[in-house]
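Here's the structure, in structure tokens; my notes come after.
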């Protein structure tokens, strides 16, 4: 079994994603965390492109790397009242770090080893649907139209709710 | 040869990093960021399983879109809550958020 170009690209993209996700969690400056979060989103978008899901990759870049990260950075700027290097201190309790790391490691090792020893790798990638956007539109406005409308209502309610919450009570 | 298990492993590692971040951080915005990492891991799972097991349709991609919608709503409401609490408490430190304790 030889190493193909696809494998090298996958290793590059996934190491970028994982390293920047570690940067999000381990950085002490919350602005650096937010920038690393944008890199993670872009890495996930590249993973989607590699999976042949170009539309989801574009939505990921548009919504996550574009809108959500700008929203997060705005919120950081609004609530920053100390020195930037002290904004994202880790929890002082060592016990919580221990339990968090233990839970994360149990998840990664347990799930990872069961994934690794499963026979999932025998499913080899097929050619994806040629017109993915058209198929998505058929599903979204056909079989899943109720979920689509519910998502629309959810977005509207979230918008109204966050405006009301963030505006405050300014008599 | 990159198969389904590699993508699932990537998603598992991302999810684990998110879980650790939720435990290890005190800043409320950092915890929202960790939740975003976990939601992204779930999206990778949906799209990868869609591609490898059921390539003839796009239901997995559709559900990834719904997750993105819910995540956007969650982030906007969460940040509005954080800003609103900051106005009263002058802090985004989770250990200072005890408004609902008694």
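Residue numbers (the working numbering), protein chains in the order written: chain A, 24 to 194; chain B, 1332 to 1433. Cβ atoms here follow ideal geometry from the backbone N, Cα and C, with glycine treated the same way. Note that the structure is predicted; figures quoted are calculated from it, not measured.
Can you tell me whether DSSP reads residue i as helix, strand or coil?
i                       : result
residue 1358 of chain B : strand
residue 142 of chain A  : coil
residue 1371 of chain B : helix
residue 1381 of chain B : helix
residue 1391 of chain B : helix
residue 1424 of chain B : strand
Out of the options, which has the shortest C-alpha to C-alpha gap to residue i?
i                       : options                           : result
residue 96 of chain A   : B/1400, B/1405, B/1410 and B/1399 : B/1410
residue 124 of chain A  : B/1339, B/1342 and B/1352         : B/1352
residue 116 of chain A  : B/1357, B/1405, B/1365 and B/1346 : B/1357
residue 67 of chain A   : B/1426, B/1344, B/1424 and B/1407 : B/1344
residue 71 of chain A   : A/33, A/93, A/50 and A/100        : A/33
residue 1408 of chain B : A/91, A/40, A/103 and A/143       : A/91
residue 83 of chain A   : B/1386, B/1368, B/1336 and B/1388 : B/1368
residue 40 of chain A   : A/58, A/99 and A/118              : A/58
residue 1395 of chain B : A/163, A/182 and A/126            : A/163
residue 1334 of chain B : A/139, A/183 and A/182            : A/139
How about residue i: is its C-beta nearer than 9 Å to some C-beta of chain B?
i                      : result
residue 84 of chain A  : no
residue 30 of chain A  : yes
residue 191 of chain A : yes
residue 178 of chain A : yes
residue 69 of chain A  : no
residue 169 of chain A : no
Apart from the five residues on each side of it in sequence, which residues of its chain come closer than 7 Å, Cβ to Cβ, to residue i?
i                       : result
residue 1338 of chain B : 1375 and 1379
residue 114 of chain A  : 120
So that I know if they touch, is there some Cβ in chain A lying closer than 9 Å to that of residue i?
i                       : result
residue 1335 of chain B : yes
residue 1366 of chain B : no
residue 1431 of chain B : no
residue 1354 of chain B : yes
residue 1397 of chain B : yes
Under 8 Å Cβ to Cβ from residue i, same chain only, skipping five residues before and after it: list those, please.
i                       : result
residue 1342 of chain B : 1372, 1373, 1375, 1376 and 1379
residue 159 of chain A  : 78
Starting from the C-beta of residue i, find all residues in its chain whose C-beta is less than 6 Å away, skip the five residues before and the five after it, and write them out in chain order.
i                     : result
residue 98 of chain A : none
Per the contact definition of three or more C-beta pairs closer than 8 Å, is the segment 1371 to 1391 of chain B in contact with the segment 74 to 81 of chain A?
yes
Flag this pair as touching only if the segment 184 to 191 of chain A and the segment 1414 to 1422 of chain B have three or more C-beta atom pairs under 8 Å; answer yes or no.
yes
Between the segment 1354 to 1374 of chain B and the segment 150 to 165 of chain A, do three or more beta carbon pairs fall short of 8 Å?
no
Quick one: any contact between the segment 128 to 135 of chain A and the segment 54 to 62 of chain A, if contact means 3 or more CB pairs under 8 Å?
no
Is the number of C-beta pairs between the segment 1400 to 1407 of chain B and the segment 165 to 181 of chain A that are closer than 8 Å three or more?
yes
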